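Structure first, then comments.
In our numbering, the protein residues as written are 1428 to 1819.
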């Protein structure tokens, strides 16, 4: 009886710690959402650069994250999730400072500083998210890994939904540089929130090379990348799509996407652990495909917003569902590295899809890039379907 009571107390304590990690990463991820409604318009209309450059500036963060995923995953495994997470907070503070400086410049120096700030943010956010996941896995155990990933993703996209309108408000009231200063302050606050959460013991075992880890998880990663094209297009071109169509409330699309995404995470975070990652991924990708096609073909703003909601509902559980499958094949002491490698596929899609989609805009228009993203999600569906048929 006493043992059962002690177990209940421990579970409660770990859940509180996981909740603290989730709240902190929500705050620390605001620097991703805050500039998204400001940067595309700033690059296109004030710096007078092309849509390809819009995609490059937005995507530079994700390219940097891809290139450092291996390092950040190994750091999380070798140094522990707590230490690596706190380091990630510090790097994100620096990125916010650089963004504030960039938004005070003009011309070539502004573009150069913007790209540097996005690269630093990519490094910080990549380390932060990977280490936070590893920290959470250690707190609640592998059997609840889907919940850790679901809660983390809920925080990330909830932060995105809050950050976009907050960025618009800050820019309207205090000017664009206020977005940079807010991006500097938020990870500092997040680091303070997490100071009380305990570190967890590091799992021991022989280290595998990154190449061997990728061989274990590449199918899951490729499906994740194909899914991630949709988010890359939404984050880069949703505001410009609304402007081109003459629709008001340019920041509302990202908010609808993020809120729908977060809602599924709140009520469905347990689903991948219970039903299996492959089956949940298939349903999620089907929903994403429908949403992206609806955005592409929408004749009015209300139907386009409905498409963003449906896409958010579909995208919500793809990462944790596929992540559950990744952790089944990854050694326990390499979970941070495996999740880092897995996440790198998504980051590659985030970083590359924006500039590539920008090349399509002059010929096909903004709407067509959402249709192309739907096709990518369909290819991901086919890949996961094959995996489910051979596994379940």
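Every residue, glycine too, gets a C-beta built ideally from N, C-alpha and C.
Remember, predicted model here, so these are calculated numbers, not experimental data.
{"Item": "Is it true that the segment 1651-1664 meets the segment 1763-1777, where meeting means three or more beta-carbon pairs spaced less than 8 Å apart?", "Value": "yes"}
{"Item": "Which class does residue 1443 belong to by DSSP, given the choice of helix, strand or coil?", "Value": "helix"}
{"Item": "Within its chain, find whatever has a CB closer than 6 Å to the CB of residue 1488; leave out the 5 residues flanking it on each side and keep chain order.", "Value": "1545, 1548 and 1549"}
{"Item": "Whole angstroms is fine: what's the gap from residue 1481's alpha carbon to residue 1568's?", "Value": "41 Å"}
{"Item": "Give me, in chain order, the residues of the same chain whose beta-carbon lies closer than 7 Å to that of residue 1576; leave out the 5 immediate sequence neighbours on both sides.", "Value": "1560, 1746, 1747 and 1750"}
{"Item": "Of all the options 1667, 1644, 1785 and 1679, which has the alpha carbon lying nearest to the alpha carbon of residue 1469?", "Value": "1667"}
{"Item": "In three-state terms, what does DSSP make of residue 1665?", "Value": "helix"}
{"Item": "For residue 1459, which of 1474, 1500, 1484 and 1447 has the nearest alpha-carbon?", "Value": "1484"}
{"Item": "Quick one: grab the DSSP three-state call for residue 1676.", "Value": "coil"}
{"Item": "If we count the other Cβ atoms within 10 Å of its Cβ and call it buried at 16 or more, is residue 1807 buried or exposed?", "Value": "buried"}
{"Item": "Quick check: residue 1804 and residue 1784, are their CB atoms within less than 8 Å of each other?", "Value": "no"}
{"Item": "Touch check for the segment 1462-1478 and the segment 1722-1738: three-plus C-beta pairs under 8 Å?", "Value": "no"}
{"Item": "Count Cβ pairs between the segment 1595-1610 and the segment 1691-1703 that sit closer than 8 Å; are there 3 or more?", "Value": "no"}
{"Item": "Considering only residues of the same chain and omitting the five flanking positions on each side of residue 1801, which have a CB-CB separation below 6 Å?", "Value": "1716, 1719 and 1720"}
{"Item": "Measure the alpha-carbon distance for residue 1726 versus residue 1677 and round it to whole angstroms.", "Value": "16 Å"}
{"Item": "So, helix, strand or coil for residue 1456, using DSSP?", "Value": "coil"}
{"Item": "Is the Cβ-Cβ distance between residue 1778 and residue 1500 less than 8 Å?", "Value": "no"}
{"Item": "With DSSP run on the structure shown, which of helix, strand or coil describes residue 1602?", "Value": "coil"}
{"Item": "So what's residue 1639 in DSSP terms, helix, strand or just coil?", "Value": "helix"}
{"Item": "With a threshold of 16 other CB atoms inside 10 Å of the CB of residue 1693, please say whether the residue is buried or exposed.", "Value": "exposed"}
{"Item": "Hey, how far is the Cα of residue 1587 from the Cα of residue 1474?", "Value": "25 Å"}
{"Item": "Please name the residue, chosen from 1454, 1518 and 1661, that lies closest to residue 1492 on a Cα-to-Cα basis.", "Value": "1518"}
{"Item": "DSSP state of residue 1719, grouped into three classes?", "Value": "helix"}
{"Item": "Assuming the contact rule is C-beta atoms closer than 8 Å, residue 1649 and residue 1810 should be a hit. Round their C-beta distance to whole Å, please.", "Value": "6 Å"}
{"Item": "In whole angstroms, give me the CA-to-CA distance for residue 1640 and residue 1753.", "Value": "10 Å"}
{"Item": "Examine the Cβ distances between the segment 1672-1688 and the segment 1589-1598 and report whether three or more of them are shorter than 8 Å.", "Value": "yes"}
{"Item": "Give me the residue from 1537, 1507, 1724 and 1477 with the minimum Cα distance to residue 1604.", "Value": "1537"}
{"Item": "Apply the 10 Å Cβ neighbour rule to residue 1623 and answer buried if 16 or more other Cβ atoms are within range, or exposed otherwise.", "Value": "exposed"}
{"Item": "Thinking just about the alpha-carbon of each residue, which of 1467, 1616 and 1683 is nearest to the one in residue 1457?", "Value": "1616"}
{"Item": "From this set, 1572, 1471 and 1651, which residue's C-alpha is nearest residue 1759's C-alpha?", "Value": "1572"}
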